[in-house]
Each structure stands twice: as C-alpha cells, then as structure tokens.
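Protein chains in written order, with the working numbering: chain C, 801 to 1122; chain P, 6 to 292. For every residue, glycine included, the Cβ atom is placed at its ideal position computed from N, Cα and C. Written out below as structure tokens is the structure these notes cover.
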C-alpha cells in the first residue's frame, strides 16, 4: 500500500465512522459498534504486549475488569462520578494492579508467564465473584450513570458512540507513537533476542514491566468505557473467558498490527451478539470458532487476506511462465 | 477458635486438597511432557461428575460409575487429542486456545444435557456416616477420598518410576529430542499421559461429587486452585502436584473459614511467595 492510498483509507474510515450514527443505522448496531470501539482498545492493549514485547498476558481481562469495577465502586460508594476523575481512577486502578501482577508474573518467561497470568486473572475473578460486600458478587453492581463530557450529554447511545470512538482513535495514535519511538524499538529488540539486549546493557525485565504497565493503562481505560456502556459490571467482565476473547480478537486482527484489532473486535463483538440472538448454544459455537481461528487463521485475517491474494497472484504468474 | 477449629479445617482442607490432586496431576504431567496447558482439565472433572451421577441414577454402583465416568472423559479427551491437539505440542498458545475452546463446548454440552440447577451427589451408602470426636465431626467419606486419592497418587508414582512406560515418559520430559533419537516412542508417551490425565480428572468428578456437588461453572471455580497447585508444586512434577494440592487445599479451607469473601485471594499468598523465592516451584527444575 502506498502512503497516499493509506491516507485515503484512513480518511475514508474516519468519515464513515463519524457519519455512521447519522445515516439511519439502527440503534442496536450503533450500540454494537460502540462496543467494538471499546473492545478494540483493550485488544490493542494486548496486541501491544504480545506483538511488540512477546508477552502473552492472560490477565488482560482482569485489568479491563478492574477498570470497570473501579467505576462502579467509585460511583456507588465514594460518589466519584465526574468524567475526568472516573477515567483517571479506572486507569490508575488497572495500572496499580498490573504493577503488582508484573512483579509476580515476570519472574517467569514464555509458557511460565502464561500460566502465571492465568492464575492471576482467576484470582482477581475470584475476588469479584466472592467479595460480595464490595463487588456485589455474581450479581455485580448496577446503577452506573454516564457522566456528561464537558458540555455534552452522552447518556444517549449516539453521543456515547462518539466518546468511545474518540478514545479509540486517541489510543491507536498513542500506541503507534509508542511503538515507533526509541522505547518501542527496544521492546521489539527484547521480543526478538532478550539475551542480546541484555548483553547490550538493556534492563530487559524493566522494559517488559513498563510494557505491562502501559498496556494496563489502555485496558483500564477500555474497562471504564465498558462500565459506562453497560451501566453494569459483573464478574464475567474479568473472567478467563473474557481474556481469551480478547486474545481471539488479537489473533483475528493480526498480532503486531494494532489497527487490525479493530477488525478483530468487530468480528468477535458482532459474532457473539448475533450468535446469542440466533441460538441458545452460542457458547458451543464460540468454542468451535476458537478451533477454526487458531487452526486456519493463526496469522489473523489482516495477514491472511493479503497472503491469499499473493498466492493467487503467484499462481497466475507461475501459470504465465513458459 | 480453639483446637477444634484447626483440626476440623485441616481435615477438610486435606480432603479437598486430595481432590485437587486428581485434577492437578493431569495438568502438571501433560504440561511437563507436551507443553500443553490443558484448560479442559477441570471441564473433564465436571463432565465426569455429571456422567457419573447419571450412571448412579441409572442404578450403577458408585465405584463402577466413577470408573465409567473416567473412561468416558478419557475417550473424549483422546478423541480431541488425536484429532487436533497432537499437532500443536510445540505451540503452547495454540494448544491452550484449543483446550479452552473444547472446555467451552463441554461446558455448554453439560448445561444442555443436565440443565443449570446444581446436583448434589450422595456418597455410597456404606460411607455416609460421620466420625465424632467430641465436638469434631468428620464425614467418613472425606477420609475415603483422601485414601483413594493417595492410592491413585501411589499408582501414578509406580507407573512413572517403576515401569518401562514410565521411564519413557520421564526420558521424554527430560529431553524429548534425545529420547526420540534413541528410539523412544515419544508420541505414544504423549498419548498415554493425555489419557491418564483425562481419566483421573473424570474419575475424580464423581469421587469428588459428594464434596463439591456438580453445577455449571464448577470447573471455572476449580481452575484457579488447580493452577495454583501447579505453580506452587512446580510445573511437570508429580510430587509437586501432591504437595501443592495438599497445601492449596489447606490454604483454601482456612481462607474460606477465616475470610469467607476473600478465599481466592488467600491462594494468591502462597503463589506470590513461591514466585518471589522459588519461581520454578517447590519441586520444579530450573529451565
């Protein structure tokens, strides 16, 4: 893709995204698209970690959920409801959680890291599930109200759509800047050859730790938006299944692409909503979808489509050769 | 909170811990050998409990029913292993997602077939009594579970340490490539270990049924405990799984009694301590 074509695509996408709610799209789909922006943020936060640092973090849902619970608990217990303080509270809670997780999980690498983060996610889930006096247990916390954003009232779906879209665009830009900065280059080095980076004098542990914490800030932000979106938080938001769904988005979107996560989030959000409308057995279908994704599209759709295209062209070229 | 409190919870914790061993032993062995993080392991337990309770309901003897439940989960596990999983043991992320997809399918199938209401499971008639020592009440069945789990642990140790097959498994754990090089049929070792893991978990489902009962979501509640066991004990170590299970069982029992709302959090304490001072686990080897 040439630079100019890329700009055209980005601009067209921006215009479409801004106009969509005004084009008479049913509210239901506007609301699903809002959910897509939110999940795209958390999927990008995980992609930043997997694609650029090589850390497969299964506790991303816990960080997302901590952000969401921070909103709920802040609103119902401490009457923190204004826009800016709540966003800050959600992000800080997720960052603090990740700072603790990192101390524990980064003692191991590779598969060990995966197992540790699974356990950590499950422990946070257990807290949300059992600590009824604070988290409401299985019933969760209801009655979260969307605050006004400055002069704008976003209690309606259309208004909230724009809030989530703005945060998505901001997060994508910020993550792309981080990835392209010298810091991002060191992260890639750590992913590729931690030993060499260590020999060059980089503190590999510290870079991984910082990446985890930065990623958590975005996951927490997505959690805040999710709590406002649903106006409810329950333990499902930070379950292992949720972590896996985020990971499936990342795999579908293409690991290490960042913007591809929009596609991954879009597919998972629409698929799971449509499935649950069509069949009661949607969880089973989702399980089958996991099989199909990891076996047939491990590089993600963003990578798969160009590859199929290239193969098609390659075949044509080979056929033309004498 | 006298002595009575401690003894009661210690015994309960040991019983629960020995149940955890039935799940965690498969988890740790499958991981140690094939690098597969089998998230379907607790779903095997749940399925075993349901299959078992249906068989008992149909009039089958409790012990035979638990064997049959183990065989059913084993057959299912092997089918999935041979059809999909065996291709991915060098790829922990793919295999993990496959086992998770499989767990989702099993969970939903269980919900479909047996509904969402919890089922309580009665222990076999001869073990329904309780032992009384003063204030202390201890169901005989708990004792039976401890004995059976230790017997199964003993058999697994014998298999690993004293048979040709066990030797092959240990060789493959230590150095898969070298084991293949000297002619060990590593693929067969994989197959057998996966079968054992699924069988023991399914068998544990009915055995543990009278303690945990059976309901959708039970597998999700057991997963953090099973993972904590594997982390504390050391990944791939059977002795680690045994010691870890008892330890986590005890921590869980006292956590539930002392801080009922924070019991999952109390498990975090041993996990964090292990990661701080011995990241490879109590019995794990440095990799």
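Item	Value
Residue-chain proximity (residue 106/P, chain C), Cβ-Cβ < 8 Å	yes
C-alpha distance - residue 828/C paired with residue 218/P, whole-angstrom precision	40 Å
Interface flag, residue 87/P vs chain C, CB-CB below 8 Å	no
Contact list for residue 932/C against chain P, beta-carbon separation under 8 Å	266
For residue 241/P and residue 287/P, the rounded distance between their alpha carbons	11 Å
The beta strand (DSSP E) enclosing residue 138/P, as first and last residue numbers	135 to 138
Beta bridge counterpart(s) of residue 942/C as assigned by DSSP	1032/C
Outcome for residue 84/P when other beta-carbon atoms lying within 10 angstroms are tallied against a minimum of 16	exposed
Contact under 8 Å by Cβ, residue 164/P with residue 22/P	no
Sheet register partners of residue 144/P (DSSP bridge)	135/P
Inside the stretch 11 to 45 of chain P only - alpha helix (DSSP H) runs reaching at least 4 residues	none
Residue 273/P, DSSP secondary structure in three states	helix
Nearest to residue 142/P (by Cα), restricted to the options 14/P, 260/P, 247/P	14/P
Where residue 33/P meets chain C, residues with beta-carbon distance less than 7 Å	Within 7 Å Cβ-Cβ: nothing; residue 33/P doesn't reach chain C, min ~10 Å.
Contact under 8 Å by Cβ, residue 232/P with residue 94/P	no
Length-filtered (3 minimum) beta strand (DSSP E) runs lying within the stretch 914 to 983 of chain C	none
Residue 124/P (DSSP reduced to helix, strand or coil)	strand
Under the three-state DSSP convention, the category residue 882/C falls into	coil
Sequence-distant residues of its chain with Cβ nearer than 6 Å to residue 129/P (five each side left out)	67
Nearest-angstrom beta carbon gap, residue 236/P and residue 257/P [assumed within contact, 8 Å]	At roughly 14 Å, the Cβ-Cβ gap does not stay under 8 Å, so residue 257/P and residue 236/P are not in contact.
Residues, ordered as in the chain, of the stretch 106 to 136 of chain P that lie near chain C by beta-carbon distance below 9 Å	106, 107, 108, 109, 110, 111, 112, 113, 114, 116, 117
Nonlocal neighbours in the same chain, by C-beta distance under 6 Å from residue 968/C, ignoring five residues either side	837, 840, 841
Cβ-based contacts, 7 Å cut-off: residues of the stretch 1066 to 1085 of chain C near chain P	1081, 1083, 1084
One or two residues paired with residue 219/P in a DSSP bridge	124/P
Below-8 Å beta-carbon distance, residue 1098/C vs any chain P residue	yes
Residue 136/P versus residue 290/P: straight-line alpha-carbon distance, rounded	41 Å
is_contact[residue 926/C, chain D] using C-beta, thresh 8 Å	Looking at the structure shown, chain D is missing, and the protein chains on hand are C and P.
Minimum Cβ-Cβ distance from residue 2/P to chain C less than 8 Å	Because chain P here runs from 6 to 292, residue 2/P falls outside it and cannot be looked at.
Three-state secondary structure assigned by DSSP to residue 240/P	coil
Continuous alpha helix (DSSP H) stretch holding residue 1042/C: start and end	1040 to 1053
Reduced DSSP category for residue 1079/C - H, G, I as helix; E, B as strand; rest coil	coil
Cβ distance (whole Å) where residue 259/P is taken to contact residue 18/P below 8 Å	7 Å
Burial state of residue 1079/C (16 or more Cβ within 10 Å)	exposed
Cutoff 6 Å; reference residue 224/P; Cβ partners in own chain excluding five residues on either side	47, 48, 51
Nearest-angstrom Cα separation, counted from residue 32/P out to residue 864/C	28 Å
Residue 301/P burial status per 10 Å Cβ neighbour count (16 or more: buried)	In the structure as shown, chain P begins at 6 and stops at 292. Residue 301/P is therefore absent and cannot be evaluated.
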